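Participant: Below you'll find the structure I mean.
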Amino acid sequence: MPTELEYFPSPAYKRSVLRIRSLLAKEIARLESIAQKKERASAIGKDNLGEELPRIRAFCREYHKAFMRYLDATLPQHKNGVQCKAGCGNCCHHFPMSVEPFELVEFYANIRKSPDLILYLEECVFRTRTYYALLKSGEVRGEEDPEDFALVRYFKKGLACPFILAGGDCGTYACRPVTCRMYFSETPGEFCVPEYLQTEKNRSFIVYLPDDVEWMIADLSAHYQELALPESLYEGILSMNTLEPFFANADSQGGVV
0 MPTELEYFPS PAYKRSVLRI RSLLAKEIAR LESIAQKKER ASAIGKDNLG EELPRIRAFC
60 REYHKAFMRY LDATLPQHKN GVQCKAGCGN CCHHFPMSVE PFELVEFYAN IRKSPDLILY
120 LEECVFRTRT YYALLKSGEV RGEEDPEDFA LVRYFKKGLA CPFILAGGDC GTYACRPVTC
180 RMYFSETPGE FCVPEYLQTE KNRSFIVYLP DDVEWMIADL SAHYQELALP ESLYEGILSM
240 NTLEPFFANA DSQGGVV
């Protein structure tokens with residue numbers, strides 16, 4: 000069952016948090032400046048997505064690096080250690096939510112030229128429809144939390160992430176969103192399966208960022224609201240694909256996409 004730990008503010012922890020705060024503050028200031036010049040509430044829209052792609056991607060990569068340093072500072076504080084190993088992939092059967100819009104930009108930019116793109120999109124459609132069917136079922140049943148009901152039922156269906164390789168490794172490891180980086184287990188992978196979900200044998204945990212950092216991320220992501228991107232990975236990828244012309248145009252302009 001997922002647990003949350005209050006982390007000791009070690010020097011490494013403080014440095015990692017300060018690094019993330021500084022990175023976010025700088026990007027928020029940049030986006031606020033764009034919004035002011037555009038005379039609107041948010042910075043990124045269809046009118047400037049293409050020209051902003053290189054800077055969005057560069058920021059996202061730095062954000063992911065900063066989060067990994069945060070993990071380096073926090074994971075040692077879990078006294079029972081981490082049992083996660085390359086090739087396990089059990090947690091990659093969940094329906095990934097809470098993906099930030101700039102992460103969707105970076106993720107899509109990394110897969111858009113793949114020869115398997117059509118297959119990826121088809122798998123994303125199937126998984127998204129499956130999730131929403133389960134969500135609707137939870138609402139019809141009068142479940143107290145239809146979203147949680149849908150997420151649990153989805154996991155029990157055993158649908159692996161479309162980007163998992165045959166051996167269980169992540170095929171998009173370098174650009175995976177934070178939601179895929181923050182989930183760990185103190186128990187072996189054999190207990191990270193549906194039958195042990197929400198039991199004492201499954202001692203999984205999520206490494207959360209400090210509340211003030213989460214608020215900064217929310218403020219930053221609000222600058223993408225004109226794009227109306229979903230928060231789930233699979234549905235978000237489908238939405239990003241509708242913006243492909245902006246990526247293609249950036250390609251023709253020599254953009255780093």
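The sequence shown lines up with residues 0 to 256 when you count with numbering that gives the first Met the number 0.
Note that CB positions come from ideal geometry on N, CA and C, so glycine has one too.
What you are looking at is a predicted structure, and each value in this text was computed from that prediction instead of being measured.
1) In the DSSP assignment, what are the bridge partners of Tyr-182?
2) Do Leu-30 and Ser-41 have their beta-carbon atoms positioned less than 9 Å apart in this structure?
3) Is the region 88-103 touching the region 153-162 in the sense that three or more CB pairs, one from each, lie closer than 8 Å?
4) Between the C-alpha atoms of Lys-264 and His-77, what's the straight-line distance to the nearest angstrom?
5) Can you tell which of Glu-185, Tyr-223, Val-177 has its C-alpha closest to the C-alpha of Leu-70?
6) Mind checking Ser-15: buried by the 16 CB within 10 Å criterion, or exposed?
7) How would you call Gly-157, buried or exposed, if buried means at least 16 neighbouring beta carbons within 10 angstroms?
8) Is the CB-CB distance between Leu-103 and Ile-19 below 9 Å?
9) Where does Met-67 land, buried or exposed, given buried means 16+ other C-beta within 10 angstroms?
10) Below 8 Å, is the gap between the Cβ of Lys-112 and the nearest heavy atom of the ligand HEM?
11) Starting from Arg-68, trace the alpha helix (DSSP H) in both directions and tell me its first and last residue.
12) Considering only C-alpha positions, which residue in the set Ser-32, Ala-173, Gly-167 is nearest to Glu-61?
13) Any contact between the region 106-116 and the region 137-152? By contact I mean 3 or more CB pairs, one from each, below 8 Å.
14) Quick check on Pro-114: buried or exposed, where buried means 16 or more other Cβ atoms within 10 Å of its Cβ?
Facilitator: Checking against the coordinates, here is how it stands:
1) Ile-205
2) yes
3) yes
4) Since the first residue of the chain shown is 0 and the last is 256, residue 264 is not available in this structure.
5) Val-177
6) buried
7) exposed
8) no
9) exposed
10) No copy of the ligand HEM occurs in the structure displayed, which carries no ligand at all.
11) 48-73
12) Ala-173
13) no
14) exposed
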